[in-house]
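Taking it in order: structure first as structure tokens, then the write-up.
In my numbering, the protein residues as written are 312 to 431.
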């Protein structure tokens, strides 16, 4: 019996991994906003982590959402490569992000734009 349950579990469909491409329209920091021209923000769900890439940089993040968030994708980026942050992709396809870093002092940058997922 336990082999039958194991076989059924192995043959059950697994959730599809998400691939999301976002166009960041503007970025804000230091009290000013400007158009963003650093290329697409790419989000790829790979197992238990999200690979996030932007402007030649890559980070790994973790989902902070659960089943009751109705389509919201929220990814926290722990400190790595000189920054940490939070990315939120809303069910409408809009995205917002916040990145924090420390150089000569603390720096906070926000951005917003629109996303499409594989199959959209």
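Beta carbons are placed, not taken as given, at the ideal position from N, Cα and C, and that holds for glycine.
In this text, all values refer to a predicted model and were calculated from it rather than measured experimentally.
Pick helix, strand or coil for residue 326, following the three-state DSSP scheme.
Unreliable placement is indicated for residue 326, whose pLDDT of 42 sits below 50; the coordinate value is still reported in the next sentence. The answer is coil: DSSP assigns residue 326 none of H, G, I, E or B.
Between which two residues does the beta strand (DSSP E) carrying residue 425 extend?
417-428
Leaving out five residues on either side along the sequence, give the residues of the same chain with a beta carbon under 6 Å from the beta carbon of residue 335.
347, 352, 422, 424
Look at residue 354 and residue 331 and say whether their C-beta atoms are less than 8 Å apart.
yes
Coil, strand or helix - residue 320 by DSSP:
With a pLDDT of only 36 at residue 320, under 50, the local geometry of the prediction cannot be trusted, and the value read off the model is given with reservation. Of the three classes helix, strand and coil, the one that applies to residue 320 here is helix, per DSSP.
Considering Cα atoms alone, identify which of 400, 371, 395 is closest to residue 381.
400
Within 8 Å, strictly: CB atoms of residue 360 and residue 371:
yes
Could you tell me how far apart the beta carbons of residue 373 and residue 387 are, in whole angstroms, since I believe they sit closer than 8 Å?
6 Å
Find the nearest neighbour of residue 402 within the set 376, 416, 344, judged by alpha-carbon distance.
376
In three-state DSSP terms, what is residue 380?
helix
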